[in-house]
Amino acid sequence: MPGNRRHIPVDQKKLVVIMASNKKPKEIKEIADATGISIRTVQRILEKWRTTGNCVKIPLELGRPRILTALDVNFLEGLVLRTPDIYTFELQRALFLTTGLDVCKETIRVALIRRGYTRKTVRGL
Numbered sequence: 004m005p006g007n008r009r010h011i012p013v014d015q016k017k018l019v020v021i022m023a024s025n026k027k028p029k030e031i032k033e034i035a036d037a038t039g040i041s042i043r044t045v046q047r048i049l050e051k052w053r054t055t056g057n058c059v060k061i062p063l064e065l066g067r068p069r070i071l072t073a074l075d076v077n078f079l080e081g082l083v084l085r086t087p088d089i090y091t092f093e094l095q096r097a098l099f100l101t102t103g104l105d106v107c108k109e110t111i112r113v114a115l116i117r118r119g120y121t122r123k124t125v126r127g128l
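Heads up: the sequence shown is residues 4 to 128, going by this note's numbering.
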């Protein structure tokens, strides 16, 4: 149940690890009583410490870093604001000439979509 969870500060988790280094596994209940943390949570903290050497979970960096920085996207956005009917291959060429970045048109298109830009479609009359 999500309502039963509470955040335990890193310093308090480190304290649990320090306390457990001097105690036997049977005395985990004493650590839980002294810190006000449940027995199961103390066990999880100690298991994390034994397996990773750290008492907190470190999130993984997902995916590959973006090629275009915010400055590059700002440059592209400025070009689009100045010339709204500019093509992506023209944006690609301008980006290469000014920054030296050689990226594909799809990368430019996705970066502009992330900024909220869309393209217009032509409907038949």
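Just so it is clear, CB atoms sit at the ideal spot from N, CA and C, and this is done for glycine as well.
Mapping the DSSP letters down to three states, classify residue i as helix, strand or coil.
i    : result
T55  : helix
D14  : helix
K60  : coil
S24  : helix
T110 : helix
D88  : coil
I40  : coil
G81  : helix
T102 : helix
R96  : helix
R117 : helix
I31  : helix
In angstroms with no decimal places, state the Cα-to-Cα distance between residue i and residue j.
i    : j    : result
C107 : L84  : 21 Å
I49  : G66  : Here residue 49 turns out to be Leu, not Ile, going by the sequence shown. Each residue's Cα considered, the two are about 30 Å apart.
Q46  : R122 : 54 Å
E30  : K16  : 16 Å
T54  : N25  : 18 Å
G56  : P87  : 54 Å
M4   : C58  : Any answer about M4 is weak, because its pLDDT of 46 lies below 50 and its placement is not dependable; what the coordinates show is given next. Taking the straight line joining both Cα atoms gives about 23 Å.
G119 : R8   : 37 Å
S41  : A23  : 14 Å
T38  : K32  : 10 Å
Just confirm the distance between the C-beta atoms of residue i and residue j, as a whole number of angstroms; I'd bet it's less than 8 Å.
i    : j   : result
T102 : I70 : Wrong, their Cβ atoms sit about 11 Å apart, outside the cutoff.
V19  : I34 : 6 Å
T44  : I11 : 7 Å
V104 : D75 : The sequence shown places Leu at residue 104, not Val. The pair is a contact, with the Cβ atoms about 7 Å apart (cut-off 8 Å).
Exercise. Pair every Cβ in the region 89-99 with every Cβ in the region 60-80, then say whether three or more of these pairs are closer than 8 Å.
Key: yes
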